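First up is the structure itself, then whatever we jot down about it.
In the numbering used here, the protein residues as written are 1 to 270.
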């Protein structure tokens with residue numbers, strides 16, 4: 001990452017705070033740069049979690065809980081309000097879990113993010129995450145890899161969710177964000193690994209890969225694994241008790257805004 005891009009990202013985060021009157025608690029890179037298969041001209045996908053002033057949360061009116069700011073073809077910035085992030089964690093939302101693991105962090109304020117990371121395992125739903133990754137793999141396969149000539153870079157966007165499903169299937173816990181970790185831990189087939197590494201080298205060395213012939217080795221692996229996973233995640237995902245996250249929300253309001261509220265349990269005198 002160049003200094004100019006890093007400076008532009010920090011500038012845009014500061015402008016967002018000023019314009020929206022929010023505090024950005026955490027900002028990170030998501031997508032290919034966080035996964036580890038970016039190319040030289042991959043765009044920057046910056047994701048953040050923010051907090052507003054306490055009165056914002058006291059209205060019965062449904063409030064907007066997302067900030068979206070597409071800057072240009074190179075930089076895309078968007079974020080979620082703290083309550084939205086907490087509710088999505090309760091549902092074991094894989095993108096949020098990935099944000100919390102991102103190796104590229106632009107900003108981290110307060111103890112909030114570390115405390116979120118500490119409770120990820122508590123709210124992690126293997127079934128829910130497998131649903132997400134299976135759907136991602138199916139959709140990307142259907143739209144980009146079904147013809148004789150395919151969008152070569154899209155292989156990574158099918159391979160990663162398939163490997164995530166394998167990780168979950170083997171009971172390894174939360175899926176790591178780094179594609180390299182998934183490859184090292186899960187791919188034993190020498191020929192398959194060689195083909196994937198060759199594509200990775202091409203992608204990292206130059207521009208985004210365009211259309212090319214289907215790779216028979218990688219395509220065969222994808223088809224076999226998707227067929228095998230059919231029916232593996234049929235049970236509906238379960239959500240967990242929000243009490244711990246309610247407490248966390250009150251604590252972050254107190255820490256950042258200097259104001260707190262009692263949770264229902266604290267307000268009960270018996």
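Where is the CB? At the ideal position from N, CA and C, for every residue including glycine.
Bear in mind the structure is a predicted one, so any value in this text is a computation, not a measurement.
Simplified DSSP state of residue i, which is helix, strand or coil
i: residue 62; result: coil
i: residue 175; result: coil
i: residue 75; result: strand
i: residue 68; result: strand
i: residue 31; result: coil
i: residue 269; result: Because the pLDDT of residue 269 is 45, which lies under 50, any placement of that residue in the model is unreliable, and the number read from its coordinates should be weighed accordingly. Residue state, collapsed to three classes: coil.
i: residue 274; result: Residue numbering for the chain in the displayed model covers 1 to 270; residue 274 lies beyond these limits and cannot be assessed.
i: residue 162; result: helix
i: residue 143; result: helix
i: residue 8; result: helix
i: residue 150; result: strand
i: residue 111; result: coil
i: residue 83; result: helix
i: residue 36; result: coil
Nearest-angstrom Cα separation, counted from residue j out to residue i
i: residue 124; j: residue 214; result: 35 Å
i: residue 152; j: residue 94; result: 25 Å
i: residue 170; j: residue 20; result: 43 Å
i: residue 70; j: residue 10; result: 15 Å
i: residue 249; j: residue 86; result: 8 Å
i: residue 54; j: residue 12; result: 24 Å
i: residue 270; j: residue 181; result: Residue placement at residue 270 is poorly supported in this model, since its pLDDT is 42, which falls under 50; the coordinates are not used for a value here.
i: residue 267; j: residue 128; result: Caution applies to residue 267, whose pLDDT of 49 falls short of 50 and renders its modelled position unreliable; the value that the coordinates give is listed next. Cα to Cα, residue 267 sits roughly 33 Å from residue 128.
i: residue 226; j: residue 145; result: 13 Å
i: residue 114; j: residue 147; result: 44 Å
i: residue 58; j: residue 246; result: 14 Å
i: residue 112; j: residue 56; result: 19 Å
i: residue 183; j: residue 240; result: 31 Å
i: residue 133; j: residue 7; result: 33 Å
i: residue 78; j: residue 88; result: 16 Å
i: residue 216; j: residue 197; result: 15 Å
i: residue 179; j: residue 188; result: 15 Å
i: residue 22; j: residue 131; result: 33 Å
Residue burial classification, residue i (beta-carbon count within 10 angstroms, cutoff 16)
i: residue 98; result: buried
i: residue 31; result: buried
i: residue 252; result: buried
i: residue 163; result: buried
i: residue 66; result: exposed
i: residue 68; result: exposed
i: residue 224; result: exposed
i: residue 61; result: exposed
i: residue 228; result: exposed
i: residue 15; result: exposed
i: residue 272; result: Because the chain in this structure spans residues 1 to 270, residue 272 falls outside the shown range and cannot be described.
i: residue 92; result: buried
Cβ separation of residue i and residue j, assumed to be a contact under 8 Å, to the nearest whole Å
i: residue 102; j: residue 34; result: 5 Å
i: residue 26; j: residue 107; result: 6 Å
i: residue 158; j: residue 186; result: So it is not a contact: roughly 14 Å between Cβ atoms.
i: residue 195; j: residue 218; result: 5 Å
i: residue 73; j: residue 43; result: 7 Å
i: residue 119; j: residue 212; result: That pair is no contact at about 43 Å.
i: residue 242; j: residue 47; result: Going by Cβ atoms, the distance from residue 242 to residue 47 rounds to 22 Å, so no, they are not a contact pair.
Best match in the options for proximity to residue i [C-alpha to C-alpha]
i: residue 81; options: 200, 55, 24; result: 24
i: residue 135; options: 256, 231, 17; result: 231
i: residue 201; options: 8, 18, 37; result: 37
i: residue 63; options: 217, 156, 51; result: 51
i: residue 41; options: 8, 220, 205; result: 205
i: residue 244; options: 18, 191, 4, 117; result: 117
i: residue 174; options: 96, 203, 28, 7; result: 96
i: residue 210; options: 119, 91, 199; result: 199
i: residue 193; options: 176, 177, 156; result: 156
Any non-hydrogen atom of the ligand NAP within 6 Å of residue i CB
i: residue 253; result: Ligands in the displayed structure: none, and consequently the ligand NAP is not present.
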